[in-house]
Amino acid sequence: MNNTIGLINGVAHVLPEDPWCLVDDDQPLDSISSPIISFARWQSLREKGDLDQLSCGVLLGPDDDPETVAPGLDTLPLIALEFPSFRDGRAYTQANLLRTRYGYKGDLRATGDVLRDQLGLMRHCGFSSFAVREDKSVLEALKGLFGFDMIYARSVTNPEPLFRRRSAK
Amino acid sequence: MYRYDEYDHALVQARVAQFRDQVARRLSGELSEEEFLPLRLQNGVYLQRHAYMLRVAIPYGTLSANQLRALARIAEEFDRGYGHFTTRQNIQFNWIALERVPDILQLLADQEMHAIQTSGNCVRNITTEAFAGVASDELIDPRPLAEILRQWSTVNPEFLFLPRKFKIAISSSEMDRAAIRAHDVGLYLYRGENGEMLLRVMVGGGLGRTPILNETIREALPWQHLLTYVEAVLRVYNRYGRRDNKYKARIKILVKALGVEAFAQEVEREWEQIRDGVAELTSEEYARVAHEFQAPDYERIDAIDPDFGAWLARNPAFSVWVQNNTRAHKMPGYSSVILSTKPGTSAPPGDVTAEQMRVVADLAEKYGFGEIRVAHEQNLVLPDIRKRDLYALWKALRAQNLATPNIGLLTDVISCPGGDYCSLASTRSLPVAKAIQQRFDNLDFLHDLGELSLNISGCVNACGHHHIGNIGILGVDKNGEEFFQITIGGAQGKESSIGKVIGPAFRAEEVPEAIDRLLSVYLSYREVEERFVDTVRRIGIAPFKEGVYQRETAKVEASA
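First to last, the protein sequences are chains A and B. Each residue of the first sequence is one higher than the one before, counting from 1 in the numbering used here. Each residue of the second sequence is one higher than the one before, counting from 1001 in the numbering used here.
See the structure below:
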């Protein structure tokens, strides 16, 4: 994907060559090295036992329950969560659950209406790569991951809420 | 009151810089209005009919004298010399230039204030009652938990793009003065048998076009679980709340759709996964925050002050004011004083000028401990006043037109700003408020009527909380003309109820007469000491309906 930012050792970089590419359900998979396929397709391939040979990422829509991918998490290199609009906040919860409840360790990618001013929030919820909206400058968007980032509550990146650290003083 | 530490300071300062950058990017066109909209809303900036409006958070309605002076300065330097206090204990400035908002936020940040999350589809300002910490009927001071919730909800990354706005209120007194049952989450704090702090969690309240009182989903929740429980509620809401229709997106609709039991089960299921762990509150944290709300150094004084008694006997106007505008304090010899922002026709409800703010700040320092509260009813409160100082304070307040003895009476009108300012409003609520205050300006009559709340909303969004006014007035637009629908029997507090519509709507100029007729019915039916709302509950709305519309019909027939 073009216009993608990734966290490398926790630091945000523009990824010069990102292999991942979103693939429609009717598109064949053989010519694509790193396809991101829909949850439905992933599930049917998995049931048929055809998944093992492929290095697929899976795309979850905002209505999909992260629990349903939990059994296959160990082998998934990438999960993409979709922001149909940047005002739709469901993917923040999905990301948080994938990381904290289901222990997902692979790449968690934000796709869709992904904009600079929300990137910091996404990182807090466990996203590790960001497919910035195509018409936006990725270099500008990168600024969204630098600068002040304190929050009070716990998050994926701050597993302890601030009050635990305050009272430890 | 709570003072910021280095973390709190760092957060609000960084937020100013962030929003300054966002405004600059909006002005340069780098950000589209669509992209900028939620950013500005989450910093309290609305676009109104004539200008931008800035809503400043006053967490749980508590201000220091210097904070109030800062608000006065903002009113003077950035607005037209006044501000408007809202039903959610915030203040709004109505005539703001977008370019100057970062400078205002800077002034606020320097005084430990902000406008974060006063709008937008996120957790809004946490509210409680104006007499927290001083009320004689208080069980536990709710402010420490309110502050803990404020911090937790501020920039909580998972919950900034909820399906819709989310309001939380907490109260802990015999009388609920924070309208907690009309909130998305209402928290009632009380003590268990062994003295432990417990919470009743109520979910799914809200006014707007579908007024619903919230329902209890959890009793006796130990306070340590406050944050995890609210987190579970918000997570369920964020996942399953409707996003296809803005009018069906509040949590109340989800609770109704699932049924309160099923909703509660869903929350419990989520909560079981997160309840024990690092997010559980600690006694250290509670103590740290509660320390900031320690009682001031009250003087040990007698409950009865001879000078005060003498002034009461000598000056009937003072005595009436004391009776109406002061409240019992937990310390002997002290009172809490309510400053009415509803002087009648001279100013809209909730509006306070910069000069008034400065005088109130000075008075809070001179006679109190430098603290001011904002009440849900849009009035101001000086929480700690010695009874012996009441007379001098009253005279000073009178000079500022802040001593109208009408607290809790008909003319203590709660009103939204309406179509004069708000671009959502379908009608102008302020002229109606004014006409009512003009018609019923006889204090003896008002006192005879007794406790009676009147709430006006300029549209179905119900910012004036008309559903829970004893008399509620709702502005509706019918083919470009303003009409006002009247409800009666609404109430806030422990016996909250939603008012019932009495019949067809009125034109603006007919409203005072309709109110007058409602009052006549009440006066002819009431039993000794019976409040308006109790009469409505006892006899139902039929006699009121008849009293209001019968003559109306007769008039139409006579003219036919």
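Here a beta-carbon is modelled for each residue, glycine too, at the ideal position from N, C-alpha and C.
*Going by alpha carbons, who is nearest to residue 1308 of chain B out of B/1013, B/1262, B/1253, B/1394?*
By 1-based counting over the second sequence, the position of residue 1308 of chain B is 308. Nearest C-alpha to residue 1308 of chain B: B/1394.
*Would you report the Cα separation of residue 1518 of chain B and residue 1198 of chain B, rounded to the nearest angstrom?*
Reading the second sequence from its first residue, position 518 is the one you call residue 1518 of chain B. Reading the second sequence from its first residue, position 198 is the one you call residue 1198 of chain B. If you take the alpha carbons of residue 1518 of chain B and residue 1198 of chain B, they lie about 42 angstroms apart.
_Checking the sheet assignment: what are the DSSP bridge partners for residue 1050 of chain B?_
Position 50 of the second sequence, counted from the start, is the residue given in the question as residue 1050 of chain B. DSSP output for residue 1050 of chain B lists no bridge partner at all.
*asked:* Tell me the rounded alpha-carbon separation between residue 1560 of chain B and residue 1513 of chain B.
replied: Stepping through the second sequence from its first residue, residue 1560 of chain B is reached at position 560. Stepping through the second sequence from its first residue, residue 1513 of chain B is reached at position 513. Summary for residue 1560 of chain B: the model assigns pLDDT 48, below 50, so the residue's position carries little reliability, and this model does not support an answer.
*In terms of alpha-carbon separation, which member of B/1095, B/1456, B/1143, B/1246 lies closest to residue 1499 of chain B?*
Position 499 of the second sequence, counting from 1, holds the residue named residue 1499 of chain B. The candidate whose alpha carbon is nearest that of residue 1499 of chain B is B/1456.
*Using CA coordinates, which residue listed in B/1044, B/1031, B/1027, B/1048 is at the minimum distance from residue 1419 of chain B?*
In the second sequence, counting from the first residue as 1, residue 1419 of chain B sits at position 419. Looking at the Cα atoms, B/1048 is the closest of the given residues.
*Would you kindly work out how many angstroms separate the C-alpha atoms of residue 1122 of chain B and residue 153 of chain A, rounded to a whole number?*
Reading the second sequence from its first residue, position 122 is the one you call residue 1122 of chain B. Reading the first sequence from its first residue, position 153 is the one you call residue 153 of chain A. For residue 1122 of chain B and residue 153 of chain A, the distance between alpha carbons rounds to 15 angstroms.
*Which class does residue 1210 of chain B belong to by DSSP, given the choice of helix, strand or coil?*
As a working mapping, residue 1210 of chain B is identified with position 210 in the second sequence. DSSP places residue 1210 of chain B in coil when its eight states are reduced to three.
_Check for me: the alpha helix (DSSP H) holding residue 1309 of chain B runs from which residue to which?_
As a working note, residue 1309 of chain B is residue 309 in the second sequence. Residues 1306-1314.
*9 angstroms Cβ cutoff, residue 39 of chain A in contact with chain C*: Although the question refers to chain C, the structure presented lacks it and instead comprises the protein chains A and B.
*Can you list the residues of chain A that residue 1152 of chain B reaches, using a CB-CB cut of under 8 angstroms?*
Here residue 1152 of chain B refers to the residue found at position 152 when the second sequence is read from its first residue. Those are 152, 153, 161, listed as they occur along chain A.
_When B/1164, B/1148, B/1173 are compared against residue 161 of chain A, the one with the closest alpha-carbon_ = Position 161 of the first sequence, counting from 1, holds the residue named residue 161 of chain A. Of the candidates B/1164, B/1148, B/1173, the one whose C-alpha sits nearest the C-alpha of residue 161 of chain A is B/1148.
*Rounded distance between the beta-carbons of residue 1426 of chain B and residue 1475 of chain B, thought under 8 angstroms*: As a working mapping, residue 1475 of chain B is identified with position 475 in the second sequence. As a working mapping, residue 1426 of chain B is identified with position 426 in the second sequence. Contact between residue 1475 of chain B and residue 1426 of chain B is confirmed by a C-beta separation of about 6 angstroms, below the 8 angstroms threshold.
*Quick one: which residues of the region 65-99 of chain A get their C-beta closer than 7 angstroms to a C-beta of chain B? List them in chain order.*
87, 88, 89, 90, 92, 93, 96
*Pull up the distance between the alpha-carbon of residue 1220 of chain B and that of residue 1228 of chain B, whole angstroms please.*
Within the second sequence, residue 1220 of chain B is the residue found at index 220, counting from 1. Within the second sequence, residue 1228 of chain B is the residue found at index 228, counting from 1. Rounded to whole angstroms, residue 1220 of chain B and residue 1228 of chain B show a C-alpha spacing of 15 angstroms.
*Taking the alpha helix (DSSP H) that residue 1384 of chain B falls in, what are its first and last residues?*
In the second sequence, the residue the question calls residue 1384 of chain B occupies position 384. Counting along the chain, residue 1384 of chain B falls outside any alpha helix (DSSP H), though it belongs to the beta strand (DSSP E) covering 1380-1386.
*Flag residue 1181 of chain B as yes if its beta-carbon sits less than 9 angstroms from any beta-carbon of chain A, otherwise no.*
Taking the second sequence and counting its residues from 1, the one referred to as residue 1181 of chain B is at position 181. By this cut-off, residue 1181 of chain B is not an interface position.
_Can you confirm whether residue 148 of chain A, when its beta carbon is compared against all beta carbons of chain B, has any partner nearer than 9 angstroms?_
Numbered from its first residue, the first sequence carries residue 148 of chain A at position 148. Judged by the 9 angstroms Cβ criterion, residue 148 of chain A is in contact with chain B.
*Would you say residue 1 of chain A faces chain B, with C-beta separation under 9 angstroms as the test?*
Translated into positions along the first sequence, residue 1 of chain A becomes position 1. False, the Cβ-Cβ gap to chain B never drops below 9 angstroms.
*Could you tell me which of B/1258, B/1350, B/1389 sits nearest to residue 1312 of chain B, measuring between CA atoms?*
Here the question's residue 1312 of chain B lines up with position 312 in the second sequence. Among B/1258, B/1350, B/1389, the Cα nearest to that of residue 1312 of chain B belongs to B/1389.
*Of all the CB atoms in chain A, is at least one closer than 9 angstroms to the CB of residue 1055 of chain B?*
Against the second sequence, residue 1055 of chain B aligns to sequence position 55. For residue 1055 of chain B, the answer is no, since every Cβ of chain A falls outside 9 angstroms of its Cβ.
*Distance, Cα to Cα, residue 1543 of chain B vs residue 1497 of chain B?*
Translated into positions along the second sequence, residue 1543 of chain B becomes position 543. Translated into positions along the second sequence, residue 1497 of chain B becomes position 497. If I take the Cα positions, the gap works out to 19 angstroms.
*Identify the residues that DSSP records as bridge partners of residue 40 of chain A: which are they?*
Counting from 1 along the first sequence, the entry for residue 40 of chain A is found at position 40. According to DSSP, which records beta bridges pairwise, residue 40 of chain A is partnered with nothing at all.
_Burial state of residue 1201 of chain B, where buried means 16 or more other Cβ atoms lie within 10 Å_ = Position 201 of the second sequence, counted from the first residue, corresponds to residue 1201 of chain B. Under this definition residue 1201 of chain B is a buried residue.
*Could you pull out every residue in the same chain whose Cβ sits closer than 6 angstroms to the Cβ of residue 1324 of chain B, ignoring the five residues on either side in sequence?*
As a first step, residue 1324 of chain B must be located in the second sequence, where it is residue number 324. Only 1405, 1407 meet the Cβ criterion.
*Spatial neighbours of residue 1345 of chain B in its chain, beta-carbon cut-off 7 angstroms, leaving aside the 5 residues before and after*: Within the second sequence, residue 1345 of chain B is the residue found at index 345, counting from 1. The residues are 1434, 1437, 1438.
*Select from B/1454, B/1169, B/1002, B/1009 the residue whose C-alpha is nearest the C-alpha of residue 1127 of chain B.*
Stepping through the second sequence from its first residue, residue 1127 of chain B is reached at position 127. Of the listed residues, the one whose Cα sits closest to residue 1127 of chain B is B/1169.
*Should residue 140 of chain A be flagged as near chain B, meaning a C-beta pair shorter than 9 angstroms?*
Along the first sequence, one-based indexing puts residue 140 of chain A at 140. Output row for residue 140 of chain A: interface = yes.
*Other residues of its chain near residue 59 of chain A: CB distance less than 6 angstroms, five sequence neighbours each side excluded*: Within the first sequence, the letter at position 59 stands for residue 59 of chain A. Same-chain partners within the cutoff: 36, 38, 80.
*Taking the CB atoms as reference points, tell me whether residue 1166 of chain B and residue 1185 of chain B lie closer together than 9 angstroms.*
Position 166 of the second sequence, counted from the start, is the residue given in the question as residue 1166 of chain B. Position 185 of the second sequence, counted from the start, is the residue given in the question as residue 1185 of chain B. Taking 9 angstroms as the Cβ cut-off, residue 1166 of chain B and residue 1185 of chain B qualify as a contacting pair.
*According to the neighbour-count rule (16 or more other Cβ atoms, all chains shown, within 10 Å of its Cβ), is residue 1342 of chain B buried or exposed?*
Locating residue 1342 of chain B in the second sequence gives position 342, counting from the first residue. Looking at its Cβ environment, which holds 16 or more other Cβ atoms inside 10 Å, residue 1342 of chain B is buried.
*Out of curiosity, what's the CA-to-CA distance linking residue 8 of chain A and residue 78 of chain A?*
Within the first sequence, residue 8 of chain A is the residue found at index 8, counting from 1. Within the first sequence, residue 78 of chain A is the residue found at index 78, counting from 1. Rounded to the nearest angstrom, the two C-alpha atoms are 15 angstroms apart.
*In chain A, which residues lie with their C-beta within 7 angstroms of the C-beta of residue 1003 of chain B?*
Within the second sequence, numbered from 1, the residue matching residue 1003 of chain B stands at position 3. Taking a Cβ-Cβ threshold of 7 angstroms, none of the residues of chain A is close to residue 1003 of chain B; the smallest such distance is about 14 angstroms.
*Span of the beta strand (DSSP E) around residue 1062 of chain B*: Along the second sequence, read from residue 1 onward, the residue named residue 1062 of chain B stands at position 62. First-last of the beta strand (DSSP E) with residue 1062 of chain B: 1062-1064.
*Nearest residue (CA-CA) to residue 1192 of chain B, options B/1364, B/1521, B/1139*: Stepping through the second sequence from its first residue, residue 1192 of chain B is reached at position 192. Nearest C-alpha to residue 1192 of chain B among B/1364, B/1521, B/1139: B/1139.
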